[in-house]
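So the structure is just underneath, and the comments pick up after that.
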Amino acid sequence: MTAPVTETPTMDTVVQAATDTFIQVCEVWVPEGDRLVLAGGNYNGLAAFEETSRKTSFARGEGLPGKAWDEARPVVLKRFDGSYFQRIEAAREAGLTSAVAVPVFAGATLKAVLVVLCGDDEARIGAIEVWTEDHSGMLMLDDGYFGAAEEFAFVSQHTHFPKGQGLPGGVWAAQAPILMRDLGSGYKFIRASAAGKAGLTTGLGLPVATPAERPYVLTLLSARGAPIARRFEIWDARATRDGRAILADGVCERDGPLWRDDGEGTRTEAPTATAWKGVVGQVLGSGLPVVAQGGSGLPADYTSFVGLPVYRGETLTHIVAWYN
Amino acid sequence: MTRKKLVVIGAGMASGRALEHLFDADPDGWDVTLFNAEPRGNYNRIMLSPVLSGEKSYEEIVTHDDAWYADHGVTCRFGEKVTEIDRTARTVTGENGTVDYDKLLIATGSNPFMIPLPGHDLDGVIAYRDLDDTNRMIDAAAAGPGARAVVIGGGLLGLEAAAGLRLRGMEVTVVHLMGHLMERQLDEAAGYLLRKDLESRGIDVRVSASSKEILGQDGQVRALVLEDGTELPCDLLVMAVGIRPNTALAAEAGLAVGRGIHVDDQMITSDANILAVGECIEHDGAVFGLVAPLYDQAKVVAATLIGDEAAFRPKELSTKLKVTGCDLFSAGDFADGEGREDIVYRDPARGVYKRLVIEDDRLIGAVMYGNTADSNWFFGLVQSGEDISEMRETLIFGPAYQGGPDADPLSAVAALPLDAEICGCNGICKGTITDAIAGGATDLGAIRAQTKASTSCGTCTGLVEQVLQVTLGDDFQMPAAQPICGCCDLTHEDVRRLIKGRELKSQEAVWQELGWKTRNGCHVCRPAVNFYLLADWPLEYRDDPQSRFVNERKHANIQKDGTFSVVPRMWGGITNAAELRAIADAADKYDVPTVKVTGGQRIDLLGVKGEDLPFIWDDLNKAGLVSGHAYSKGLRTVKTCVGTDHCRFGTQDSTGLGIKLEQILWGSWTPHKVKLAVSGCPRNCAEATCKDVGIVCVDSGYQIGVGGAAGMDVKETERLVDVATEAEAIEWTTAFIQLYRENAKYLDRPYKWLAKVGLDWVKETLASADERARLVAAFELSQSIYRKDPWAEHAKQAERYQSLADLTLEAAE
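What follows is the structure, given as structure tokens:
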């Protein structure tokens, strides 16, 4: 079920929106010894699944997080039944049917694995895609979860992006996250028609660094009805050398554009985040993905936060964040 | 209280900011009528590029929406052009009627300049100025995969358009007249990195490219033709070559107008009741295109309107290119100048270049690419003019490394965290190196063996050595291998290897990718790098005269009295009466004091005045004589004896072979000068056994010797090979010269080079017929560019000058 998001939401609509977003569960797994253990997560009220997860850990190659670690690439799993997914029963009871695991590497060192889980619903429109290079120097879809956006999934599977073109090709060339607006209408890129039909509006693309030379680009394509998030941010962690990051781009359903750019290159008015202060600061300070819930430390009327660090080699260059 | 009437013409960023300040300072004092030719209000025009790329929506860049205008009681007349200003009646007339004013603010902005090329009025040829242009580009990109765009102009706007169109799926070519991109904001090094970055996005960049004509089909643009004849197909052609202040309305109203509308420090025009702001103005001889000064002007406009004192003072400006992933920053003045010094930092592995320009202990300019982390701090230093002498040594490392007056240059390395990457190629961090040092690795070789740091491209060698220095102190001795010069840490051999291996095809590529510490080398390394580049990439790189010694630049040897010597080539030492007559005539005509027969079997005209050079060359050219390259690091002479034609002892046609060799080899650049000789018999009258290549003819064929010398060192040639035929002698000689060109250190004569690589290696290499064929082909490819007379081009200019003089003479008669 999808609840409409009003311009001035009541508490009910906010809670409802949080429940009905495209991604239902986010969890962060970190290495401890030779296993991955749960460091945090937002289970969106799915207590039984959370409980199961807390009792679980994964060796390298085990389960979805272990596979992302072992293969050093983002892994999409669209069906749990009969797969290597280890929490099948709990996931089925929670209505979760698909998942994407994104490893976070600093150089050759695994820092964490972010796992997002989604449910199966006719109304859940959106896409989480993993792109990688094919043999001819183009980006092709490695795999993706598309919910009910089947036509868009088909188009994506049959689209290749050269460097510099479209959201995936742009991220690949820039080696930096990019936040696209109006994927379907004003933005007429190669998959625009299908994106428009699917109702996809906002696209967040980011490079996923791995020890391998092969590039990986993760894209989150969000629809207005069941958005992946209602607020997206990109923070530039290279902009200063004093442990701060600068908000490079951002859009919010409520606050509108979040970026401040005078076009002169100094960005003196842009909001900043300081290491360890606030949720973005936690990502900056720890270098790990952070999943937070509850209102404290979040922008007004938001109750959940996911912050994902983006590395180039061993350097944390950006943070992408999304809120609901 | 009566509200004053303010009419504003133009709802751009400058007037919008002026209104904000005005309403803040005097919320109820003004009735404002705002005209705008565009059918919309104020939006952030400089953020149109992200709208084009899809990274912003138009709604996000709207600065003032309908509600804002309504809240401030602004009467909006959008989409209505102003037709007249009546200064006497103090009225402004638009297409829909007249309104009177107490004060008028002209903010008509600027018009994009369209190059009046044939075809510039075709459909699909557009400027890049406003939202409508942006939407036209978005529509053009929506034509589908394979749609092509050409952008004329490699400045800020042109490159943002190119990147945006590329992101939207178009095949994009940028055509830029100048030698590097964004030449007003960037130096060559940063321009090189920017070009590399854009090319990695699939954008085709053509610099030093002049547009000639736009071709169309059925009224629609089809292609751009360049001056060199290249045709660039396109469905869209964007001109982003500059702007011109829009002064038409002001000029018609009789206001003082130059390049822009003249204003004083208070932004008042030549009419006290009319102010002007933004890109349409001219203040103190300057016009404006960046937003920062416009905002400063806007503050002054508001202050002037409410009667406060304020004055506009231009400040140093900074620049940012709004292309995600292209991190560049430039501020202040970074042109070359007397008394200016550069501090340069490069990190090839990360594509980082930073340059600071210092004058009188003050930072006056900064250019950065790839890492702009400290740009605000540097910009602050440029603006404040603070004395930086105390932190000069560590300035380039930014504010984090300012350790006070005792700071040591090595402290920057000392301050690097243990996880800082030192060797980008092998991913080796400082901690790994210091661990190895603690484990007993106390020199570069041991560090290389244990950590692999500095074993690939070698560009981190200096940094690794600095880590050794920091860690071991005086226990570490710097290695003996000498770099080319103080500009870099690499030897000649390393540079040659890296130019080949990493396919570096320009000086800027060498400076950046090999971590040069200076902006563009010095008198020691530039000639060497210039040679290595032209030897390895004859088609892609062209000889740079500015990187040559003075004699090579002048195409003549400068003498101790400032005059020059002129030596025409005499192929194989053979000449004739006509050539001798031309030389004698030239000696007479140009009053040449000394005519000398040289040891290389030709004639030297000594004492030619510099201003006569093009004319004497022209005269000699007309007699069929070309430059003898008596000044160059290239082929000088091929000395011969008379051989079988005239000599009783001659075994082969030594003169003929000498002429053929000279005609093949002339004009080629080599690491040092090259002299050949061919003797017709072992009596060796041509003294072939002390030449770089000396051929001695014998009954059975040709004995080719190499590596002779008869200068500071005297050395007999060593036998390279004996061959039976003249064709083989030519092939081996050419292959040897090319092998020397490809491998020798700059300024090593062949005998010095042979001493390093060993004659055995050369023999072994040239023994392969395939390798000889490759070397000969490579030499011929290079000669397709360089086998030409350098005098001819200068002589042509002399010819033009002379014919003009003759015409004057005829007219006078």
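Protein sequences appear in the order of chains A and B.
Read left to right, the first sequence gives residues 841 to 1164 (this note's numbering).
Read left to right, the second sequence gives residues 153 to 965 (this note's numbering).
A virtual CB, placed ideally from N, CA and C, is assigned to each residue, including glycine.
This structure is a prediction, so every number in the text was calculated from the model and none was measured.
Next on the checklist: Report the CB separation of B/D183 from B/R155 in whole angstroms; it is logged as a contact under 8 Å.
Outcome noted: 5 Å
Checklist entry - Considering only residues of the region 689-751 of chain B, which uninterrupted alpha helix (DSSP H) runs meet the minimum length of 4 residues and lie entirely inside it, listed in chain order? => result 702-706, 729-741
Checklist entry - Is B/T286 closer than 9 Å to B/L378 when the C-beta atoms are compared? => result no
Checklist entry - Just curious, the alpha helix (DSSP H) that B/M289 is in, first and last residue? => result Counted as a single uninterrupted DSSP element, the alpha helix (DSSP H) harbouring B/M289 occupies residues 283-293.
Next on the checklist: Taking the alpha helix (DSSP H) that B/Y892 belongs to, which residues open and close that run?
Outcome noted: 878-895
Next on the checklist: Taking the beta carbon of B/Q372 as the centre, do at least 16 other beta carbons fall within 10 Å, making it buried, or is it exposed?
Outcome noted: Residue burial is scored here from C-beta neighbours: B/Q372 has fewer than 16 other C-beta atoms within 10 angstroms and is therefore classed as exposed.
Checklist entry - Per DSSP, A/G987 forms a beta bridge with which residues? => result Beta-bridge annotation (DSSP): A/G987 is paired with A/I965.
Item to check | Run of the alpha helix (DSSP H) containing B/A921, from where it starts to where it stops | outcome: 921-938
Checklist entry - Rounded to whole angstroms, how far is the Cβ of A/L1058 from the Cβ of A/V870, which I believe are closer than 8 Å? => result Rounded, the Cβ-Cβ distance is 19 Å, inconsistent with contact.
Next on the checklist: Helix, strand or coil for A/N882? Go by DSSP, reduced to three states.
Outcome noted: strand
Checklist entry - Between A/K1003 and chain B, is there a C-beta pair that is closer than 9 Å? => result Chain B has a Cβ within less than 9 Å of the Cβ of A/K1003.
Item to check | Cβ of B/T603 within 9 Å of any chain A Cβ | outcome: Not flagged as an interface residue toward chain A: B/T603, since no C-beta distance is shorter than 9 Å.
Next on the checklist: Please identify the residue among A/A1079, A/V1011, A/E1093, A/T892 whose C-alpha is closest to the C-alpha of A/Y1142.
Outcome noted: Closest in alpha carbon position to A/Y1142, among A/A1079, A/V1011, A/E1093, A/T892, is A/E1093.
Next on the checklist: For B/W913, count the other beta carbons within 10 Å of its own beta carbon; 16 or more makes it buried, fewer makes it exposed. Which is it?
Outcome noted: Its Cβ having fewer than 16 others within 10 Å, B/W913 is exposed.
Next on the checklist: Assuming B/A314 and B/I355 are in contact, meaning their beta carbons sit under 8 Å apart, how far apart are those beta carbons, in whole angstroms?
Outcome noted: 5 Å
Checklist entry - Which two residues bound the contiguous beta strand (DSSP E) that contains B/R871? => result 870-875
Checklist entry - Helix or strand or just coil, what does DSSP make of A/M1012? => result The sequence shown places Trp at residue 1012 of chain A, not Met. Here A/W1012 sits in helix by DSSP.
Item to check | Check whether B/T421 and B/L442 have beta carbons under 9 Å apart | outcome: For B/T421 and B/L442, no; Cβs fall outside 9 Å.
Checklist entry - Of all the CB atoms in chain A, is at least one closer than 9 Å to the CB of B/C478? => result So, interface residue.
Checklist entry - Under 9 Å between C-beta atoms, does B/I882 make it to chain A? => result no
Item to check | Contact list for the region 515-535 of chain B against chain A, Cβ threshold 8 Å | outcome: Along the region 515-535 of chain B, going in chain order, the ones with a CB nearer than 8 Å to a CB of chain A are N523, T524, A525, D526, S527, N528, F531.
Checklist entry - Looking at B/W723 and B/E814, is the spacing between their C-beta atoms short of 9 Å? => result yes
Checklist entry - chain A partners of B/K208, CB-CB under 7 Å? => result In chain order: R1021.
Next on the checklist: Between which two residues does the beta strand (DSSP E) holding B/H435 run?
Outcome noted: 433-435
Item to check | Within chain A, partners of B/S262 - CB distance below 8 Å | outcome: Near B/S262 there are no residues of chain A at all, since even the closest Cβ is about 16 Å away, more than 8 Å.
Next on the checklist: So B/S352 contacts chain A; which residues on that side make the cut at Cβ distance below 8 Å?
Outcome noted: K1003, G1004, A1013
Checklist entry - For the ligand HEM, any of its heavy atoms closer than 8 Å to the Cβ of B/E379? => result Ligands are entirely absent from the displayed structure, and the ligand HEM is therefore not among its contents.
Checklist entry - Alpha carbon to alpha carbon, how far is A/V1131 from A/G1147? => result 6 Å
Item to check | Same chain, Cβ closer than 6 Å to B/E660, five either side skipped, listed in chain order | outcome: E340, A341, Y344
Next on the checklist: Under 7 Å, CB to CB, which of the residues in the region 313-341 of chain B have a partner in chain A?
Outcome noted: R318, L319, R320, G321
Next on the checklist: Within 10 Å of its beta-carbon, does A/W1116 have 16 or more other beta-carbons around it, so buried, or fewer, so exposed?
Outcome noted: exposed
Checklist entry - Would you say B/D587 faces chain A, with C-beta separation under 9 Å as the test? => result no
Item to check | For B/N150, the first and last residue of its enclosing beta strand (DSSP E) | outcome: Residue 150 of chain B falls outside the range modelled here, since chain B spans only 153 to 965, and no answer is possible.
Checklist entry - Using the C-alpha atoms, what's the distance from A/S938 back to A/N884? => result 16 Å
Checklist entry - If you draw a straight line from the alpha carbon of A/G984 to that of A/A993, how long is it in whole angstroms? => result 8 Å
Checklist entry - So, is B/F801 buried or exposed, given that buried needs 16 or more other C-beta atoms within 10 angstroms? => result With fewer than 16 neighbouring CB atoms inside 10 Å of its own CB, B/F801 falls in the exposed class.
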